[in-house]
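Mapped onto the working numbering, the consecutive letters of the sequence shown carry residue numbers 160 to 432.
Here a beta-carbon is modelled for each residue, glycine too, at the ideal position from N, C-alpha and C.
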Amino acid sequence: MKDKRILYVSSEVIPYLPETEISSMSFEAPRMINNQGGQIRIFMPRFGNINERRHQLHEVIRLSGMNLVINDLDMPLIIKVASVPKERMQVYFIDNEDYFKRKATFTDEDGNLFEDNDERAIFFAKGVIETVKKLNWSPDIIHVHGWLASLLPLYLRNYYGHEPLFSNSKIITSVYNKGFEGMLDEEMQKKVLFDGLEDDVVAHLEKPTYENIMKTAIDNSDALIKGSEELPEDLERYLEEKDLPTLEYKSKEEFAQAYQDFYFTKVLLEEKE
């Protein structure tokens, strides 16, 4: 993987949030590539329950200060960064006072989804892409983890479809069993359409369940990885129907070589042909 550029975009990464399949693999995969001589960037949201002092987050002034339009409102983008202890890796945090200040990730103390989770996902996707543009860093692979990050493929392929920086980038989405019950805001589709996307590419978002949001990510990906041993039946069927290069589930103990082989032979190979 020497000199290959891989952008990891995740809703959660250890050690900043508790260990889950998503947060663990969002740390282990970039660490593996980093150790192999690849170049990596990691992005996640700066949730309010992340201890900034303990993890030594600091704002990157040259990357902050932009406003992103979300549903016709200007929302300031703040970029913070931290170094992963004992690893030569940095994590970039997408922050905004309205969306990420509260001391929780996706739900309130009663377990109810935050009403603006849809807007947070839109903001996160746009924020990552705009920041990578400012860094002028063209990734060979963009690897997406977690449902809050799953609008990135949609926006990259459509809203940012003509950006030369990403013209050769391949998108991989890892599909996990960890989702949410119910739906996000019923106006979510309208908010995405506000950005000028075509109706057909956001058809699934008419009913923004976990499965439909992930289907939207799958539709805009070049390859897929099963991040959990078992997936919802609906998503399992959809993966089979799409007939994209798909890597079966690999545990944390066995993923390293499998991911490298998949990156090279199933994902990057296409651009060499």
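How would you call residue i, buried or exposed, if buried means at least 16 neighbouring beta carbons within 10 angstroms?
| i | result |
| --- | --- |
| residue 431 | Low per-residue confidence applies at residue 431: pLDDT is 38, beneath 50, and the placement is therefore not dependable enough to give any value. |
| residue 389 | exposed |
| residue 414 | buried |
| residue 374 | buried |
| residue 396 | exposed |
| residue 429 | Here the model assigns residue 429 a pLDDT of 42, short of 50, so the residue's position is not dependable, and the following value carries that caveat. The residue is exposed, with fewer than 16 neighbouring Cβ atoms inside 10 Å. |
| residue 416 | exposed |
| residue 274 | exposed |
| residue 235 | exposed |
| residue 177 | exposed |
| residue 168 | buried |
| residue 162 | exposed |
Whose C-alpha, out of the options, is nearest the C-alpha of residue i?
| i | options | result |
| --- | --- | --- |
| residue 402 | 410, 384, 338 | 384 |
| residue 371 | 356, 342, 349 | 342 |
| residue 303 | 288, 332, 175, 289 | 332 |
| residue 365 | 357, 345, 243 | 345 |
| residue 339 | 266, 226, 201 | 266 |
| residue 200 | 272, 268, 288 | 288 |
| residue 337 | 318, 309, 163 | 309 |
| residue 323 | 228, 292, 243, 348 | 292 |
| residue 210 | 162, 221, 245, 259 | 259 |
| residue 185 | 328, 400, 378, 301 | 301 |
| residue 314 | 271, 376, 264 | 376 |
For residue i and residue j, I'd like the C-alpha separation in whole angstroms.
| i | j | result |
| --- | --- | --- |
| residue 187 | residue 362 | 34 Å |
| residue 353 | residue 233 | 13 Å |
| residue 420 | residue 195 | 13 Å |
| residue 285 | residue 278 | 11 Å |
| residue 250 | residue 182 | 13 Å |
| residue 358 | residue 226 | 25 Å |
| residue 205 | residue 387 | 25 Å |
| residue 398 | residue 408 | 13 Å |
| residue 411 | residue 173 | 14 Å |
| residue 369 | residue 191 | 29 Å |
| residue 425 | residue 164 | 16 Å |
| residue 298 | residue 351 | 25 Å |
| residue 241 | residue 193 | 16 Å |
Nearer than 8 Å: is that true of the beta carbon of residue i relative to any heavy atom of the ligand ZN?
| i | result |
| --- | --- |
| residue 238 | The ligand ZN is absent from the structure shown, which contains no ligand whatsoever. |
Give a yes or no on whether the minimum CB-CB distance between residue i and chain C is below 9 Å.
| i | result |
| --- | --- |
| residue 294 | Although the question refers to chain C, the structure presented lacks it and comprises just one protein chain. |
Continuous beta strand (DSSP E) assignments of at least 3 residues falling wholly in the region 285–343:
Runs of the beta strand (DSSP E) inside the region 285–343: 300–304, 329–334.
Closer than 8 Å is the cut-off here; do at least three beta carbon pairs connect the region 200–220 with the region 251–263?
Three or more beta-carbon pairs separated by less than 8 Å link the region 200–220 to the region 251–263, which places the two stretches in contact.
Minimum length 4: unbroken alpha helix (DSSP H) runs contained in the region 387–421
Fully enclosed alpha helix (DSSP H) runs of 4 or longer: 392–401, 414–421.
Give the list of continuous beta strand (DSSP E) stretches no shorter than 3 residues that lie fully inside the region 213–281.
Here the runs fully enclosed are 226–229, 232–235, 237–242, 249–254.
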